[in-house]
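Its first residue numbered 102, the sequence shown is counted upward by one per residue in our numbering.
We put the CB at the ideal spot given by N, CA and C, even for glycine.
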Amino acid sequence: MAKHAIKLSGLLALVFVVLAFTDIPYNAYHRLALTKLITNQQVDYIIIMGGDGMPSPSGLVRTYFGAEAGNKNPRAKIIIALPYNEYDSLYQLDLMAHELILKGIDTNRISYEPQGFNTYSQACNIAKMIRDKSKQILIVTAPEHMYRSVKCFEKQGFKKISSLPTFEIPSDAENLKDKTERKDTRIKNLSLRYNMWSYMVYEIKVLREYFAISYYKIKGWI
Numbered sequence: 102m103a104k105h106a107i108k109l110s111g112l113l114a115l116v117f118v119v120l121a122f123t124d125i126p127y128n129a130y131h132r133l134a135l136t137k138l139i140t141n142q143q144v145d146y147i148i149i150m151g152g153d154g155m156p157s158p159s160g161l162v163r164t165y166f167g168a169e170a171g172n173k174n175p176r177a178k179i180i181i182a183l184p185y186n187e188y189d190s191l192y193q194l195d196l197m198a199h200e201l202i203l204k205g206i207d208t209n210r211i212s213y214e215p216q217g218f219n220t221y222s223q224a225c226n227i228a229k230m231i232r233d234k235s236k237q238i239l240i241v242t243a244p245e246h247m248y249r250s251v252k253c254f255e256k257q258g259f260k261k262i263s264s265l266p267t268f269e270i271p272s273d274a275e276n277l278k279d280k281t282e283r284k285d286t287r288i289k290n291l292s293l294r295y296n297m298w299s300y301m302v303y304e305i306k307v308l309r310e311y312f313a314i315s316y317y318k319i320k321g322w323i
């Protein structure tokens, strides 16, 4: 029994590594980001899903993207969705709002949704804040979290939803996958390192998100 478990673990690890040398993790990650919903049209509300709050890389990058969207949509209201923390009250929400203000967003445009404890409950609470479901909303969140977020808001009756996934900006993807005989060893070496390790991270994120999506579907939340 133990030998079979070890063999299975080894096989799964091998598959995990082999997939990291293909485009499958990259494509799966981008499909979850719903890039087809990215738009340049004006929106009425910008919803920043708080991630791990502040200070954290995910919280900081989401406020960065949210501020950019806010400056491009000067009339849009901004809602920060982050669970209330009994230890520091609204401190983390205030930190995210402060980052937006530093980047040119008027404080009067910012409001909080601190009561939701997961994506679904946050969408439910925000739906109560935005009673007119015909309004155009823009969701700012991590690429792998975008599909689940959009589906939760669709469940609440929103029809006009745009996405702004907080992609990192690595070296040009085409250069990373370059298979020509170019002599740029920097690109060649970067291709091996970037594709392997970054794609392994994509695999973990995608797999974890697929489990979350399955759970949400079972619960009837999306």
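{"Asked": "For M150, tell me which candidate among T208, Q193 and G205 has the shortest Cα-Cα distance.", "Found": "Q193"}
{"Asked": "Thinking C-beta only, is S263 closer than 7 Å to M247?", "Found": "no"}
{"Asked": "One question on the structure: do D145 and Q237 come within less than 7 Å of each other, judged by their Cβ atoms?", "Found": "yes"}
{"Asked": "Going by the DSSP bridge assignment, what does Q257 pair with across the sheet?", "Found": "DSSP lists no partner for Q257."}
{"Asked": "What is the DSSP secondary structure of L164, counted as helix, strand or coil?", "Found": "Position check: residue 164 holds Thr in this sequence, whereas Leu was assumed. Residue state, collapsed to three classes: helix."}
{"Asked": "Return the bridge partner residues of A121 from the DSSP annotation.", "Found": "DSSP, once it has assigned bridges, lists no residue as partnering A121."}
{"Asked": "Grab the span of the alpha helix (DSSP H) containing E304 for me, first residue to last.", "Found": "Y300 to K320"}
{"Asked": "Can you tell me whether L201 is buried or exposed, with buried defined as 16 or more other CB within 10 angstroms of its CB?", "Found": "buried"}
{"Asked": "Cα separation between V116 and S250?", "Found": "29 Å"}
{"Asked": "May I have the straight-line CA-CA distance separating K234 from G160, to the nearest angstrom?", "Found": "27 Å"}
{"Asked": "Is the separation between the beta-carbon of V241 and that of G167 shorter than 7 Å?", "Found": "yes"}
{"Asked": "Assuming A121 contacts Y300 (C-beta within less than 8 Å), just tell me the rounded distance between them.", "Found": "4 Å"}
{"Asked": "Tell me the rounded alpha-carbon separation between I305 and Y311.", "Found": "10 Å"}
{"Asked": "Using the Cα positions of L239 and I211, report the straight-line distance between them to the nearest angstrom.", "Found": "14 Å"}
{"Asked": "Helix, strand or coil: which one does DSSP assign to I148?", "Found": "strand"}
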